[in-house]
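Undergrad: Keeping their order, the protein sequence lines are chains A and B. Per our numbering, the very first residue in the first sequence carries number 1; after that it's consecutive. Per our numbering, the very first residue in the second sequence carries number 1001; after that it's consecutive.
Number of protein chains: 2
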Amino acid sequence: MHYERPQFFRVMQYAAGADRDVVDMVSGNPDWEPPQALREGLHEYADAEPSSFQYPPSEGLRALREEIAARRNVDSEWVIVTNGAGEANYLGMAAGLSAHDGSEVLLTDPVYPYYPGKAELLGGEPTLVPTERDGSLDLAAFERAASPETAVIVLNTPNNPTGAVYSLETVRAVADVAASVDATLVVDEVYDHFDFTGEFESALTLDSDRIVVTTAYSKSMAITGFRVGYTVLPERLRDDARTRHMLVNVTSSRPAQYAVLRALRETDADYYARNRELLRERVAAFTDALDAAGADYSSPDGAFYVLARFDDFPGTMANTERLIDEAGVAGMPGETFGEARSDWFRFALVTPRVETAAERLTAFFADR
Amino acid sequence: MHYERPQFFRVMQYAAGADRDVVDMVSGNPDWEPPQALREGLHEYADAEPSSFQYPPSEGLRALREEIAARRNVDSEWVIVTNGAGEANYLGMAAGLSAHDGSEVLLTDPVYPYYPGKAELLGGEPTLVPTERDGSLDLAAFERAASPETAVIVLNTPNNPTGAVYSLETVRAVADVAASVDATLVVDEVYDHFDFTGEFESALTLDSDRIVVTTAYSKSMAITGFRVGYTVLPERLRDDARTRHMLVNVTSSRPAQYAVLRALRETDADYYARNRELLRERVAAFTDALDAAGADYSSPDGAFYVLARFDDFPGTMANTERLIDEAGVAGMPGETFGEARSDWFRFALVTPRVETAAERLTAFFADR
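Okay, here's the thing in C-alpha cells:
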C-alpha cells in the first residue's frame, strides 16, 4: 500500500512553516470549548480504582451504550462504540462489503477523501457519483450508477465539504436504490449537531435494514482527539462489525468513553445551540466578505465548511500554497475532494478570525 | 463473518453469574495500581486548552513517539502509536501479508486466540506450529512449516499462555526462517516488563528488516482499557501500516496518550520491579499449592499465567464451568489456546487471592 501523507497534514505543515501570520482554515478541528462535564468526567476517572482502568466490554461501556440507545431510540445491542467516526465508517463499509458479492462502493463527488481510501483498503472499488451544483443529491445519477456490482453506498449529511443537508426523503430514496441491488447504505452523520436548517433528521428514523448510521462526539463535543464514536447497524451486519472491532481494536479507549458518558448526561441543549450559532455567525461573516470579493461560494446548510471559487484561480495545491504565502489564509484545495470541485477551495470555519481571512482574500484578489 | 463472543467474556460472564464466591483468574487484567503519574497526567490533561483535545498526529503525539524512540533506541519515525497491542498486531500482520504473495500465517501452538482471528480477518490462513512441552520453541518445526506460502510468523514473548521467554538467539533463528521465505516476523512483547529470568531481550536489539515489534502499556502500567500501544516497523512495511492506521482509526485516543507520556517520563524502575515481584510471589504461592494438589503445571519464566493440568479433568469449557461452580475458581479452558494444551487450564495471577484459589483447587481434586 502506498502511503500518501494526507493532504490535510501537508497543507497544515506548509502553513505552519510560512514566514507570516496565517489564518488556519484547513482542518475540521473545533476551536471552541468542550462541555465542562467532559473535563469533570476526566478528573473523576483519573481517581478511579484500578479495575476501572481495565478493558471495558469490546462494544463499549454498558452505561454509554445504554445512554446512546435511549437517546437514539434503538436497542443498546445495536450500538458499537468505536474509535471515532473513522472506525465506525470502516466497520460499516467492511460489513457491507463482506455481505455482498460485488466490490463497488458508490460515493458522492465531491467526497470526503477518507471514504475512497477506506474502500480501497477493504478491497472495494470506489466510484464517484456527481452531485448537483448546490451539493444536493442527483438521485437519477445514483440509479444509473447502481448495479449488481454495488456493495455499499456512502452518504455524509450534513455534508463535508459542500454543507448540504439531505432530506430524510432523499436518504430514503438512496436506501431504496441500495435495496434494489442488495447493497448497504452507510450514512455518516458526524455533523448532525451543526444543522442550520432545523430540518435534519437522522437516517435512524428510517429504521431500515439497509442502513448503517455512523457518528462521533468529535465535532459535537469539540474533541476530535478523543476518538469516541459509534455505529448503529442492522442485524444482518452486526456480527461482522463486532468481530472486526474486537479483532482490530479490542475496544475504544476507556478514559475517553467515560468522559463522553458524563458529558452526554450533563450537557444541556444550550451548549450545542451556542456552538451552532457561533458557526452560523461565522458563515454569515465569511460569506458576506466573499460577496465583497466577488467570489462564488456555497452557503452551507450544515457542517463547518464554505466552498469558494475565485476567477482564474483553480483549487490546486499550488494555489493553496499561494494563498498561504501571499494572502495569509490556509484552506484546502478542492481537488482533494474529487473532480467536481477542483476549481474550488474549502475553508473550515474553526477559527475566530474568519473576518480577517475574508478581508485578506478580498485584498489578495483585488490586487490580481 | 461469524461472530463468536470471545471465550474470555463467556467465562467471565459465567463466573459473574455463579451462585457463590469465585476467584477470578480468567482475564489478563492487572489488579494493581497504575503509576501515580498516569493519574496526574489525566488530571493535567483534563484542564488543557481546547486545541489539546483535537487530533494529534495520526502516528501519535510527537513527544510520546520521541520518548518511546529514545527508550527503545530507534528513530521516532519508525514508531506508530496504536490503539493497544491489539491494533499493533493487526497492523504488523496486515503489512506482512500485503508485502507477500502467500497468505499463510505461522503461529505457535498453544496460541493467543486473537492471532488466528486477526490472520483470518486479513485473508490469511493460520497454521499452528507445535512448541515443546515446556513452551520453548521447536525451531525444526518452524523450519518444516515455513514455505513460499508463508507470509507472516508471529511470536509472543514472554508468552501467553505458556510463560516461556524466548532467548534472543531463538528469536533470531525464527527471523532467519522468516527471511528464508521472504516472510515477516511479528514479535509481540506486551509482557516484556514481566520477565522473571532477567534475560529477556527485545527483538528490536536484532535491528532486522524482517522483524516488526509490537507492544503496549496495557500490562506494564496496568491500563488494559486505555488502549495505548505501539509498533516499530522496518522501512519496507512502514507505509502500509501508517496508511492502514490512518484509514481505520485516524489516530489513538489523545487523553490516554498524554497520560501514558507523563507516566513514562515520571515512573521509576521501582514501580515495574514491584509489580514483577508481586507476580513472582503469586506464581510461587500458586504453584506450591498446585504441588500439594498433585497437579502438573508450568512455572512461568514471564507474563501472568500458570498452565495447570489435573488428572482425568481436561481443559474443556464444561470443566471450566465445573471449577467455577464446584471449586469457586475461574480459569480459562486450555482448548481455547489451540490443540497443544487442551488438557490444561490457564490461570491468570491477577488477583490477590491466588492462595485461596489454590486451596480450593486442592480441596476440589482431593474430594474427587
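Each residue gets a CB set at the ideal place from its N, CA and C atoms; glycine is no exception. Remember, predicted model here, so these are calculated numbers, not experimental data.
#1: Residues of the segment 78-106 of chain A with a CB closer than 7 Å to any CB of chain B: list them in chain order, please.
#2: Are there three or more Cβ pairs, one per stretch, closer than 8 Å when the segment 1013-1021 of chain B is compared with the segment 1313-1333 of chain B?
#3: Within 8 Å of any Cβ in chain A, is that where the Cβ of residue 1160 of chain B sits?
#4: Under 8 Å, Cβ to Cβ, is there at least one residue of chain B near residue 235 of chain A?
#5: Considering just the uninterrupted stretch of the alpha helix (DSSP H) at residue 1356 of chain B, what are its terminal residues?
#6: Within the 8 Å Cβ cut-off, does residue 1252 of chain B reach chain A?
#7: Between which two residues does the beta strand (DSSP E) harbouring residue 1152 of chain B extend?
#8: Can you list, in chain order, the stretches of the alpha helix (DSSP H) that have 4 or more residues and sit fully within the segment 1186-1251 of chain B?
#9: In chain A, which residues lie less than 8 Å from residue 1031 of chain B when you measure between Cβ atoms?
#10: Considering residue 1323 of chain B, what are the terminal residues of the beta strand (DSSP E) in which it resides?
#11: Just tell me which of B:1190, B:1222 and B:1118 has its CA closest to the CA of residue 1271 of chain B.
#12: Smallest Cα separation from residue 230 of chain A: which of A:127, A:65, A:344 and A:22?
#13: Sorted by chain position, which residues of the same chain lie with C-beta nearer than 8 Å to residue 407 of chain A's C-beta, five sequence neighbours on each side aside?
#14: Which residues mark the beginning and the end of the alpha helix (DSSP H) in which residue 313 of chain A is found?
#15: Can you grab the Cα-Cα spacing for the pair residue 1160 of chain B / residue 1133 of chain B, in whole Å?
#16: Going by DSSP, what residues sit across from residue 1332 of chain B in a beta bridge?
#17: For chain A, find out if any of its Cβ atoms is closer than 8 Å to the Cβ of residue 1014 of chain B; answer yes or no.
#18: Residues of chain A with a CB under 8 Å from the CB of residue 964 of chain B: which are they?
#19: Are the segment 1354-1364 of chain B and the segment 1273-1286 of chain B in contact at 8 Å, needing three or more beta carbon pairs?
#20: Quick one: which residues of the segment 208-240 of chain A get their C-beta closer than 9 Å to a C-beta of chain B? List them in chain order.
#21: Mind listing the chain B neighbours of residue 305 of chain A? Cutoff is C-beta to C-beta under 7 Å, in chain order.
#22: Do you know offhand how far residue 1234 of chain B's Cα is from residue 273 of chain A's?
#23: Label residue 277 of chain A either buried or exposed according to how many other C-beta atoms from any shown protein chain fall within 10 Å of its C-beta, with 16 as the threshold for buried.
#24: Report the three-state DSSP secondary structure of residue 1372 of chain B (helix, strand or coil).
#25: Name the DSSP beta bridge partners of residue 1305 of chain B, please?
#26: Just checking: is the beta-carbon of residue 246 of chain A within a distance shorter than 8 Å of some beta-carbon in chain B?
#27: Measure from the alpha carbon of residue 83 of chain A to the alpha carbon of each residue in A:202, A:59 and A:114, then state which is nearest.
#28: Could you run through the segment 181-211 of chain A and flag, in chain order, every residue whose CB is less than 9 Å away from some CB of chain B?
#29: For residue 1018 of chain B, name the three-state secondary structure that DSSP assigns.
#30: Which value, in whole angstroms, describes the spacing of the CA atoms of residue 1210 of chain B and residue 363 of chain A?
#31: Using C-beta distances below 7 Å, list every residue in its chain close to residue 1256 of chain B, excluding the 5 sequence neighbours before and after it, in chain order.
#32: Determine the contact status of residue 152 of chain A and residue 124 of chain A, defining contact as a CB-CB distance below 8 Å.
#33: For residue 112 of chain A, which of A:293, A:34, A:334 and A:21 has the nearest alpha-carbon?
#34: Please check if any C-beta of chain A sits within less than 8 Å of the C-beta of residue 1117 of chain B.
#35: Using a Cβ-Cβ distance cut-off of 8 Å, determine whether residue 1319 of chain B contacts chain A.
#36: In its own chain, which residues sit with a C-beta less than 6 Å from the C-beta of residue 3 of chain A, not counting the 5 before and 5 after it?
TA: Quick answer:
#1: 83, 84, 86, 87, 90 and 98
#2: yes
#3: no
#4: no
#5: 1354-1367
#6: yes
#7: 1150-1156
#8: 1235-1249
#9: 50 and 51
#10: It is not in any beta strand (DSSP E) - residue 1323 of chain B carries neither H nor E in the DSSP assignment.
#11: B:1222
#12: A:65
#13: Coverage of chain A is limited to positions 1 through 368, which leaves residue 407 of chain A absent and any answer about it impossible.
#14: Neither: residue 313 of chain A is in no alpha helix (DSSP H) and is coded neither H nor E.
#15: 14 Å
#16: B:1346
#17: no
#18: Residue 964 of chain B is absent from the structure shown; chain B starts at 1001 and stops at 1368.
#19: yes
#20: 218, 221, 222, 223, 224, 225, 226, 227, 228, 238, 239 and 240
#21: Those do not exist, as residue 305 of chain A stays about 16 Å from chain B at its closest Cβ, beyond 7 Å.
#22: 48 Å
#23: exposed
#24: The shown model of chain B, from 1001 to 1368, leaves out residue 1372 of chain B, and the question about it has no answer.
#25: B:1348
#26: yes
#27: A:59
#28: none
#29: coil
#30: 56 Å
#31: 1226, 1227 and 1228
#32: yes
#33: A:334
#34: yes
#35: no
#36: With a pLDDT of 49 at residue 3 of chain A, under the threshold of 50, the predicted position of this residue should be treated as unreliable, though the coordinate-derived value follows. None.
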